[in-house]
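Structure, as structure tokens:
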Amino acid sequence: MEEERKLNFLEEIIEEDLKSGKCESILTRFPPEPNGYLHLGHAKSLCINFGLAQKYGGKTNLRYDDTNPTKEDTEYVDAIKEDIKWLGFQWEKECYASDYFDQLYEWAEWMIGQGLAYVDDQTQEQMRENRGTVETPGKNSPWRDRTPEENLKLFREMRDGKYADGEKVLRAKIDMSHPKMEFRDPIMYRIKHAHHHRTGDKWCIYPMYDYTHGQSDSIEHITHSICTLEFDVHRPLYDWYIKTLGIYPSHQYEFARLNLTYTLMSKRKLLELVQKGIVAGWDDPRMPTLCGVRRRGYTAEALKMFCEKIGVSKRDQLMDIQLLEWCVRQDLNARARRYMVVQDPVKVKITNWPEGLVEWYDCPLNPAEPEGATRKVPFTGELWIDRADFMEDAPKKFFRLKPDGEVRLKYTYIVKCNNVIKDAEGNVTELECTYDPSTKPGGGEWRSVKGTIHWVSCDYAKELELRNYDRLFTLADMSQVPEDKDYKDFLNPDSLSIGRGLAEPALADDDSAIAVQFERTGYYIKDKDSTPDHLVFNKTVSLKDSYKPEQA
RNA sequence: UGAGGUAUGGUGUAAUGGUAGCACUACAGAUUUUGGUUCUGUCUGCCCAAGUUCGAAUCUUGGUACCUCAACCA
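The numbering of the first sequence is this note's numbering, which starts it at 4 and goes up by one.
Put into structure tokens, the structure is as follows:
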């Protein structure tokens with residue numbers, strides 16, 4: 004059912020533009036720099052750019068902002084495409100800023116001819132000094148008044164490789180005392196003798212972001228160029244280049260980027276985690292990358308639901324990760340297949356079970372669909388249950404197995420614990436129980452007990468690797484790491500634990516590499532290498548604090 | 001008085017001069033063959049001050065706080 008929702012500010016702008024005839028249809032763009040993998044922050048941008056276009060019958064271009072060859076790589080280009088497709092978005096055109104290098108160069112020469120750009124020989128340090136500060140004006144470069152002819156000659160020599168990296172730059176001639184730092188003669192081109200992943204060695208000068216982005220939007224006739232808030236101060240310069248060159252007037256709009264509690268959302272720092280081997284790779288399931296959360300069992304639908312719920316605005320946004328997890332649970336709960344698994348086994352012997360008898364039960368793969376698909380589960384006289392599902396000195400509100408207590412073994416009988424057997428150290432090794440034959444499902448009166456627990460047959464149980472992923476960081480707000488601390492100081496040492504579990508045969512027969520639990524949900528998800536068809540079995544994990552054994 | 005942006009429960013997000021609503025969280029209860037799901041309820045909020053008005057989250061004035069900008073990154 005379509006939920007009524009108020010328009011966000013971007014939707015209002017677009018509806019107004021469509022209504023006023025400012026544009027006939029909209030064209031947005033998603034402009035990643037191919038220098039890392041897409042993360043949850045990008046998911047928001049993706050949902051906004053593609054979502055808005057979809058909603059208003061427009062299109063979205065995928066454009067790689069590849070103007071800095073020293074940081075970029077085709078590995079990232081491919082990974083980005085894969086992640087966007089996984090989210091279910093389809094771009095109109097695949098573009099590259101590097102496709103426009105010739106055009107940008109031509110425009111630069113034109114600006115030089117107009118006396119709007121000059122070649123500067125200052126060193127990086129001199130430029131920084133002469134730029135002034137946010138509160139004090141800058142000083143003109145001694146090279147600022149070169150003639151257009153001289154500038155053109157020098158710029159062509161830059162292009163032709165006559166100078167070393169850093170020796171010269173091309174700057175727009177605007178105003179060194181402008182109150183906006185972005186207008187203090189911004190650099191347009193710098194020299195980089197570097198191999199570009201697409202243009203190869205054709206160029207040794209590369210345009211800067213500010214000189215590239217607006218023009219790229221303009222070339223593609225992007226109507227709404229939507230980016231994050233930190234580019235807000237760049238908008239006047241974006242407009243200045245477009246106006247100066249007299250080209251198609253694309254417009255930039257900004258929204259607040261997504262921050263998540265307990266989550267690091269900086270490509271630079273994520274890269275460091277990968278390079279230093281702190282995680283296994285960009286797709287480590289503890290990473291907030293799209294390929295990481297995908298391996299962790301998150302679905303594209305859940306991510307899109309999350310992006311819809313967090314809204315779009317211009318105030319700084321620090322979302323509680325629990326909303327994301329709620330969205331994932333919401334989606335998984337409806338579609339996930341269930342199996343039973345025991346993590347820390349304790350044997351249950353059914354003393355009144357006929358020797359050698361095996362009963363097979365058809366159990367629903369998803370209880371939300373009782374008439375749906377089932378799997379076969381064998382029941383025998385010796386079973387494993389989880390150690391956490393038994394408590395000898397149980398508090399009143401402990402609903403699982405306890406001495407002389409009854410509990411339902413899920414989908415089968417009610418059993419009663421008659422005897423607790425322990426080893427020399429006092430550890431429970433076996434529970435002797437009796438089953439109540441009259442409680443067989445489908446036969447006779449239904450009898451209800453407080454607790455229902457998971458179990459697997461000792462004769463049929465298969466071992467399985469379980470990986471438990473916890474949050475990677477311990478500090479709630481990773482965007483607020485104290486200045487004197489390194490963000491790595493807040494790594495959670497228990498973010499990954501690997502154990503073994505005993506599974507019912509139907510799950511074990513489904514060849515799986517690993518299974519993961521994601522926090523607070525009670526679901527374990529087998530990693531099926533990025534397929535969206537997750538296998539989920541559930542197990543009580545969210546015990547109320549007072550019922551935890553160590554606190555009882 | 002550098003420039004720009006933003007202020008609504010714990011976290012997000014609506015209300016655009018007329019009862020401050022919704023979601024997540026937390027807590028309580030009901031249902032339940034997952035202590036899950038579902039359902040119900042409760043707790044918390046308009047940055048501050050003055051002004052305009054019958055009436056202000058909304059308009060005016062003045063404060064305050066936070067974010068962004070001083071890479072040859074994007």
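Idealized CB from N, CA, C, for every residue including glycine.
Practice item. Look up Ala-305 in the DSSP assignment and say whether it is helix, strand or coil. Key: Helix.
**Study point:** Selected residue, minimal CA-CA separation from Trp-356, among Glu-374, Gln-333, Gly-384, Pro-367
**Key:** Closest option to Trp-356, judged by alpha-carbon separation, among Glu-374, Gln-333, Gly-384, Pro-367: Gly-384.
Practice item. Starting from the C-beta of Met-322, find all residues in its chain whose C-beta is less than 8 Å away, skip the five residues before and the five after it, and write them out in chain order. Key: Result list for Met-322: Leu-261, Asn-262, Leu-263, Thr-264, Ile-313, in chain order.
Practice item. Figure out for me which residue from Leu-55, Pro-239, Leu-248, Thr-432 has the closest Cα to the Cα of Lys-111. Key: The sequence shown places Ala at residue 111, rather than the Lys named in the question. Relative to Ala-111, the option among Leu-55, Pro-239, Leu-248, Thr-432 whose CA is nearest is Leu-248.
Practice item. Apply the 10 Å Cβ neighbour rule to Gly-116 and answer buried if 16 or more other Cβ atoms are within range, or exposed otherwise. Key: Flag for Gly-116 reads exposed.
Exercise for review: Kindly indicate the opening and closing residues of the beta strand (DSSP E) around His-254.
Suggested key: Judged by DSSP secondary structure, His-254 falls within the beta strand (DSSP E) whose first and last residues are 254 to 258.
Review point. So, helix, strand or coil for Ala-120, using DSSP?
Key: Ala-120: strand per DSSP, three-state reduction.
**Study point:** Expected contact under 8 Å - CB spacing of Pro-3 and Leu-505 to nearest Å
**Key:** There is simply no residue 3 to check, as the chain begins at 4 and stops at 555 in what is shown.
Review point. What separation, rounded to the nearest whole angstrom, lies between the Cα atoms of Ile-16 and Tyr-166?
Key: Going by the C-alpha atoms only, they are around 46 Å apart.
Review point. Between Tyr-438 and Tyr-463, is the Cβ-Cβ spacing less than 7 Å?
Key: Result no, Cβ atoms of Tyr-438 and Tyr-463 do not sit closer than 7 Å.
Point to revise | Opposing strand residues paired with Ser-500 [DSSP bridges] | key: Under DSSP, Ser-500 takes part in a beta bridge, and its partners are Asn-471.
Practice item. Indicate the three-state DSSP secondary structure (helix, strand or coil) for Phe-540 in the structure shown. Key: Three-state DSSP puts Phe-540 in a strand.
**Study point:** Candidates Ile-353, Leu-478, Asp-148, of which the one nearest Gly-120 by Cα
**Key:** Gly is not the amino acid found at residue 120; the sequence shown has Ala there. Between Ala-120 and the set Ile-353, Leu-478, Asp-148, the nearest pair of CA atoms involves Asp-148.
**Study point:** Distance, Gln-333 Cα to Phe-104 Cα
**Key:** Taking the straight line from one Cα to the other gives about 46 Å.
Check your understanding: Taking Cβ positions, are Glu-75 and His-200 nearer each other than 7 Å?
Key -> Yes. Within cutoff.
Review point. What does Met-322 pair with, by DSSP beta-bridge criteria?
Key: DSSP, once it has assigned bridges, lists Leu-263 as partnering Met-322.
Review point. For Cys-461, which beta-bridge partners are listed by DSSP?
Key: DSSP lists no partner for Cys-461.
**Study point:** Nearest candidate by alpha-carbon position, reference Lys-465, set Phe-476, Arg-474, Val-380
**Key:** For Lys-465, the closest of Phe-476, Arg-474, Val-380 by C-alpha to C-alpha distance is Val-380.
Point to revise | Beta-carbon contacts of Phe-12 that lie in its chain and below 6 Å, excluding the five residues immediately before and after | key: Taken in chain order, the list of residues that qualify is empty.
Review point. If Met-184 sits next to Leu-43, beta carbons under 8 Å apart, how far is it from one beta carbon to the other, in whole angstroms?
Key: Their Cβ separation, rounded to whole angstroms, is 30 Å, which puts Met-184 and Leu-43 out of contact at 8 Å.
Practice item. Determine, using beta-carbon pairs with one atom in the stretch 78 to 94 and one in the stretch 275 to 293, whether at least three such pairs fall under 8 Å. Key: Counting C-beta pairs closer than 8 Å gives three or more between the stretch 78 to 94 and the stretch 275 to 293, which meets the contact rule.
Exercise for review: Pick helix, strand or coil for Glu-362, following the three-state DSSP scheme.
Suggested key: Reduced to three states, the DSSP call for Glu-362 is strand.
Review point. In this structure, does DSSP put Thr-63 in helix, strand or coil?
Key: Taken through DSSP and simplified to helix, strand or coil, Thr-63 comes out as strand.
Point to revise | Residue from Pro-145, Lys-171, Gly-141 with nearest C-alpha to Leu-155 | key: For Leu-155, the nearest C-alpha among the options comes from Lys-171.
Review point. Whole beta strand (DSSP E) runs in the stretch 162 to 192 with 3 or more residues, listed along the chain?
Key: 172 to 175, all fully within the stretch 162 to 192.
**Study point:** Simplified DSSP assignment, three categories, for Phe-493
**Key:** Helix, per DSSP.
Check your understanding: Among Asp-69, Asp-81, Glu-18, which one has its Cα closest to the Cα of Ala-56?
Key -> Restricting attention to Asp-69, Asp-81, Glu-18, the CA atom closest to the CA of Ala-56 is found in Glu-18.
Practice item. Tell me whether the beta-carbon of Pro-210 lies closer than 7 Å to the beta-carbon of Thr-70. Key: Yes, they are a contact pair.
Practice item. Please check the pair Arg-134 and Cys-98, which I expect to be a contact at CB under 8 Å, by giving their CB distance rounded to whole angstroms. Key: With a Cβ gap of about 32 Å, Arg-134 and Cys-98 do not count as contacting.
Check your understanding: Among residues of its own chain, excluding the 5 on either side of Ala-305, which ones have a beta-carbon nearer than 6 Å to its beta-carbon?
Key -> Cys-330, Val-331, Asp-334, listed in sequence order.
**Study point:** Buried/exposed call for Asp-487, threshold 16 Cβ in 10 Å
**Key:** The residue is exposed, with fewer than 16 neighbouring Cβ atoms inside 10 Å.
Review point. Which value, in whole angstroms, describes the spacing of the CA atoms of Lys-317 and Ser-228?
Key: In this model, Lys-317 and Ser-228 are separated by some 15 Å (Cα to Cα).
Practice item. For Phe-53, I'd like the list of residues in its chain whose CB is within less than 6 Å of its CB, leaving aside the five on either flank, ordered along the chain. Key: Around Phe-53: Thr-63, Phe-92.
Exercise for review: Can you tell me which of the three DSSP states Ile-250 falls into?
Suggested key: Coil, per DSSP.
Check your understanding: Among Ser-180, Arg-193, Tyr-212, Phe-309, which has the Cα closest to the Cα of Ser-584?
Key -> No statement about residue 584 is possible, as the shown extent of the chain runs from 4 to 555 and does not include it.
Review point. In whole angstroms, what separates the C-alpha of Tyr-550 from that of Leu-412?
Key: Confidence is the limiting factor: at Tyr-550 the pLDDT is only 41, short of 50, which leaves the residue's position unreliable, though a coordinate-based value still follows. Note on geometry: alpha-carbon atoms of Tyr-550 and Leu-412 lie some 20 Å from one another.
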